[in-house]
Amino acid sequence: MMLKQSLLVASTLLMAANAHLFISSPEPIPGSAPKDPLKDDGSNFPCHGVALPGSGGQSMAVGSQQKLIFDAGIPPPPATTTAGAPASETSKAVYQGGGNTAAHGGGSCQLSITYETDPQKVKLASAWKVIYSMEGGCPTNSLMNLNTGFDGPLGPYNAAVQCDDSYSNNFDCLNTFNFTIPEGVKNGQATLAWTWFNNVGNREIYMNCVAIDITGGSDDSTMSDFPDIYLANMGPAYG
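Count along the sequence shown starting at 1, add 18, and that's the number in my numbering.
Right, dumping it as structure tokens:
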């Protein structure tokens with residue numbers, strides 16, 4: 019009991035420094051993946067206002083499987099147990115993991131792509147086509163932030179860990195998602211966007227963007243069979 023109480027105290031002290039999440043793989047465009055949500059007036063949609071590159075990018079072939087991995091961050095300050103706790107509890111080391119713990123009880127995410135680079139046209143939902151959806155469990159199955167204090171197979175932890183980490187309880191952790199570049203996408207330079215609607219907290223939308231170069235697809239696809247990106251929480255223009 020004392021250990022759990024001390025973890026909750028440590029978690030409370032860390033709330034001010036609690037960091038939101040961003041993706042580490044695929045590697046985002048520099049400047050397009052701050053931890054903050056998009057502005058609630060939509061003024062920095064898409065990609066936090068970063069100009070989308072018209073060339074280069076990470077090569078992704080149609081049919082290839084890719085991984086969506088979230089950055090757990092650097093470890094927070096060490097947690098300590100309350101003075102006077104039983105020896106069996108004070109001797110327990112608390113695994114730190116990463117400091118990007120503001121997972122907001124998970125939520126739902128989409129991966130979308132656009133071939134557009136015009137600053138005005140990329141603001142249209144119709145310019146972004148969804149290639150993969152994660153309904154629930156994104157980026158975590160946990161019902162809270164990841165600095166709350168959890169019991170894992172190797173002992174307690176109170177920070178962000180990947181679900182394949184040996185300390186993870188495989189629930190209060192960061193999921194990795196496998197996605198496939200689908201048939202029907204167009205060859206060439208594109209921008210891949212990750213968007214996240216959090217489950218707990220303010221109604222927000224988070225977005226990171228990746229420059230990609232698609233190969234093995236169609237040269238003339240209109241991608242009309244793919245749905246438009248879902249947008250909300252950014253003022254009247256976006257629902």
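We put the CB at the ideal spot given by N, CA and C, even for glycine.
6 Å Cβ shell around residue 245 - same chain, five flanking residues per side excluded:
Counting from one through the sequence shown, the residue named residue 245 turns up at place 227. Same-chain partners within the cutoff: 148.
Whole-angstrom C-beta distance between residue 83 and residue 196, which should lie under 8 Å:
Here the question's residue 196 lines up with position 178 in the sequence shown. Here the question's residue 83 lines up with position 65 in the sequence shown. Right, their Cβ atoms sit about 6 Å apart.
Is the beta carbon of residue 41 closer than 7 Å to that of residue 212?
Stepping through the sequence shown from its first residue, residue 212 is reached at position 194. Stepping through the sequence shown from its first residue, residue 41 is reached at position 23. Going by C-beta atoms, residue 212 is nearer than 7 Å to residue 41.
Which two residues bound the contiguous beta strand (DSSP E) that contains residue 208?
For this step, residue 208 is matched to residue 190 along the sequence shown. Here the beta strand (DSSP E) through residue 208 covers 206-216.
Is the CB-CB distance between residue 116 and residue 217 below 7 Å?
Locating residue 116 in the sequence shown gives position 98, counting from the first residue. Locating residue 217 in the sequence shown gives position 199, counting from the first residue. Their beta carbons are not under 7 Å apart, which means residue 116 does not touch residue 217 by this criterion.
Measuring alpha carbon to alpha carbon, tell me which residue in 123, 201, 160 is nearest residue 238.
Here residue 238 refers to the residue found at position 220 when the sequence shown is read from its first residue. The residue with the shortest Cα to Cα distance from residue 238 is 201.
Within this structure, are the beta carbons of residue 74 and residue 229 separated by less than 7 Å?
The residue given as residue 74 occupies position 56 in the sequence shown. The residue given as residue 229 occupies position 211 in the sequence shown. Contact: yes.
Between residue 240 and residue 169, what straight-line distance do the alpha-carbon atoms span, to the nearest angstrom?
Taking the sequence shown and counting its residues from 1, the one referred to as residue 240 is at position 222. Taking the sequence shown and counting its residues from 1, the one referred to as residue 169 is at position 151. Between residue 240 and residue 169, the C-alpha separation is close to 49 Å.
Rounding to the nearest angstrom, what Cα-Cα distance links residue 151 and residue 86 in this structure?
The residue given as residue 151 occupies position 133 in the sequence shown. The residue given as residue 86 occupies position 68 in the sequence shown. When rounded, the distance between both Cα atoms is 12 Å.
Which full runs of the beta strand (DSSP E) of 3+ residues lie inside the region 137-161, going along the chain?
147-152
My understanding is that residue 236 touches residue 205, with C-beta atoms under 8 Å, so please give their C-beta distance in whole angstroms.
As a first step, residue 236 is located in the sequence shown; it is residue number 218 there, counting from the start. As a first step, residue 205 is located in the sequence shown; it is residue number 187 there, counting from the start. Yes, they are in contact, since the Cβ atoms of residue 236 and residue 205 sit about 7 Å apart, within 8 Å.
Quick one: give me the first and last residue of the beta strand (DSSP E) that residue 53 is part of.
As a position in the sequence shown, residue 53 is number 35, starting the count at 1. Note, residue 53: premise wrong, no beta strand (DSSP E); not H, not E.
Between residue 154 and the rest of its own chain, which residues show a CB-CB distance below 7 Å, the 5 nearest in sequence each way excluded?
Taking the first residue of the sequence shown as 1, we reach residue 154 at position 136. Excluding positions up to five away in sequence, the list reads 124, 126.
Consult DSSP for residue 67 and reduce its assignment to one of helix, strand or coil.
The residue given as residue 67 occupies position 49 in the sequence shown. Note: residue 67 maps to helix in three-state DSSP.
What are the start and end residues of each continuous alpha helix (DSSP H) run of 4 or more residues lying completely inside the region 220-253, in chain order?
none
Buried versus exposed call for residue 210 [16 or more other C-beta atoms within 10 Å across all chains shown]:
For the purposes of this step, residue 210 is identified with residue 192 of the sequence shown, where counting begins at 1. Residue 210 is buried by the Cβ-count criterion.
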